[in-house]
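Presented below is the structure to which this report refers.
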Amino acid sequence: MPVLDLLDLPAACPPDTPWMGLDLGEKTIGVAVSDSTRLIASPLELIRKSKFTIEAEHLFKLMAHRKVSALVIGLPANMDGTEGPRAQSCRAFARNLERLRPVNIAFWDERLSTSAVERFLIEDLDLNRKRRAQVVDRTAAAWILQGALDRVRDQATWI
Numbered sequence: 000m001p002v003l004d005l006l007d008l009p010a011a012c013p014p015d016t017p018w019m020g021l022d023l024g025e026k027t028i029g030v031a032v033s034d035s036t037r038l039i040a041s042p043l044e045l046i047r048k049s050k051f052t053i054e055a056e057h058l059f060k061l062m063a064h065r066k067v068s069a070l071v072i073g074l075p076a077n078m079d080g081t082e083g084p085r086a087q088s089c090r091a092f093a094r095n096l097e098r099l100r101p102v103n104i105a106f107w108d109e110r111l112s113t114s115a116v117e118r119f120l121i122e123d124l125d126l127n128r129k130r131r132a133q134v135v136d137r138t139a140a141a142w143i144l145q146g147a148l149d150r151v152r153d154q155a156t157w158i
């Protein structure tokens, strides 16, 4: 199953099924999930990276448990819109997941998402460095997923 354009994702998914958002870091994977109406994204958990097959199996179990119909993966494009090594790593992660099991996947531009989340955690929630480190990746995944959900919903209102 090829990676889909974000705006084509709703047609590929059964109605009333949540989506999952991923923030792929170097050491961790931040995971978020939407509600079944796809209105609100919430941080879910943090997966420590070890071996791809273990990470993938954990993701597939989370997806099955929550009846998730799609993954929205943050794509860390450069500020000029080009893709560097981190973006290529995210694309490779998606390809490798698809090799294991068919899954609906779309990418969402995540430029500055971690910075925005860090600023929110510091300025609005006044979290210390240790507590921020525990929540930043899964909160960034929710930020990514919420942006994608809002874009899909905004597009639907224009039609």
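Residue numbers are given in numbering that gives the first Met the number 0: position 53 of the sequence shown equals residue 52, and the series is strictly consecutive. Here a beta-carbon is modelled for each residue, glycine too, at the ideal position from N, C-alpha and C. All values reported here derive from a predicted model rather than from experimental measurement.
Query	Result
Rounded straight-line distance, which links the Cα of F51 to that of G66	It is worth fixing the name first, because residue 66 is Lys in this sequence and not Gly. For K66 and F51, the distance between alpha carbons rounds to 22 Å.
Cβ neighbour criterion (16 or more within 10 Å) applied to G206	Nothing can be reported for residue 206, as the shown portion of the chain is limited to 0 through 158.
The stretch 21-32 contacting the stretch 40-55, beta-carbon criterion three pairs below 8 Å	yes
Straight-line Cα distance separating D136 from P42	9 Å
Assumed close pair I104, G20 - CB separation to whole angstroms, cut-off 8 Å	Not a contact, Cβ separation roughly 11 Å.
Sufficient close CB pairs (3 or more, under 8 Å) joining the stretch 32-42 to the stretch 84-95	no
Sub-7 Å separation of P75 and E109 beta-carbons	yes
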